[in-house]
Structures are given as structure tokens and as C-alpha cells.
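The sequence shown begins at 3 in the numbering used here and counts up one residue at a time. This report refers to the structure that appears directly beneath it.
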Amino acid sequence: MLLAITILTTSISLFLGIYVWRFDSSKPANRYFALLAFSIAIWAVIFYWSLVVYNIWLVRWAMFLTVIWVYALFMFAYSFIVEKQNRLFRLILTVIGILIAFSCLTPFVFSHTIYSGNESLPIPGYGMIFF
3 MLLAITILTT SISLFLGIYV WRFDSSKPAN RYFALLAFSI AIWAVIFYWS
53 LVVYNIWLVR WAMFLTVIWV YALFMFAYSF IVEKQNRLFR LILTVIGILI
103 AFSCLTPFVF SHTIYSGNES LPIPGYGMIF F
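The structure is reproduced here in C-alpha cells:
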């Protein structure tokens with residue numbers, strides 16, 4: 003059942019992202035929506051595999067994509083509020099987003115996993131307080 007939900011979520015997200023991108027990629031709202039849809043699709047696949055394989059790196063990549071997902075969602079909503087976006091604001095937000103996203107790949111956010119029965123539990127590191 004989880005695989006079917008993952009396939010459905012990924013398919014719908016990819017379809018919407020491609021459709022909106024091809025419809026009009028010149029508008030910032032369309033570009034951010036496409037980024038949001040693609041990041042959701044990739045996140046769904048990685049999150050599914052992190053539940054099946056029990057690998058700390060898959061959990062870290064899922065968190066990485068979650069940060070990209072939140073960035074795209076914020077910029078998508080922001081593009082409706084502000085017609086002409088400030089380049090400096092967008093640059094600062096992008097740099098902060100990239101730094102936070104790459105921090106998810108370090109042991110600073112998830113240090114290791116412990117195994118309890120049939121499941122793997124990721125143990126948060128000291129950096130999880132920022133999330």
C-alpha cells in the first residue's frame with residue numbers, strides 16, 4: 003500500500019510540475035511551483051526507500067529535500083504577494099536555504115541510527131534544534 007501511495011504521489015507531482023513548467027516557465031510562480039512539485043516527487047521516492055532500506059543517508063537526503071520543499075513553497079507563496087521580487091532578498095534566502103539543506107547531510111542533524119526490533123530509528127543530533 004505504501005508503494006502505491008508513493009507511486010501515485012510521485013506521478014501526480016511530476017505531471018503537475020511538468021504541466022505548469024511547460025505552460026509558462028517565464029513567471030516566477032510557475033518556476034517555484036515546478037520546483038515544489040519536483041522536490042515533492044523526489045522526496046516521496048527517497049522517503050519510501052528510507053522506510054524500506056533503513057539507511058541513515060536516505061533519512062538525511064529526505065531532510066535535505068524537505069528543506070528544498072519548504073523553500074520552494076515559501077517562494078511560490080511569496081511570488082503571489084510581491085509582483086517584483088527583490089534580488090538581494092531572494093539571494094540571501096537561497097543561500098540560507100542551501101546552507102540549511104546541506105547541513106541536513108551531516109551528522110549535525112541525524113547522528114546515527116539505532117535498531118529496535120524490525121525498525122531503524124534515526125537519532126537526532128544537536129543541529130535538530132534549528133528545525
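A virtual CB, placed ideally from N, CA and C, is assigned to each residue, including glycine.
- Ile42 is a Cβ neighbour of Ser15, given a cutoff of 8 Å.
- Here Trp23 really is in contact with Ala36; their C-beta atoms are around 4 Å apart, less than 8 Å.
- In this structure, the beta-carbon distance from Ser118 to Gly127 does not fall below 8 Å.
- Under the three-pair Cβ rule at 8 Å, the segment 53–65 counts as touching the segment 95–111.
- Going by beta carbons, Leu123 and Ile116 fall inside the 8 Å limit.
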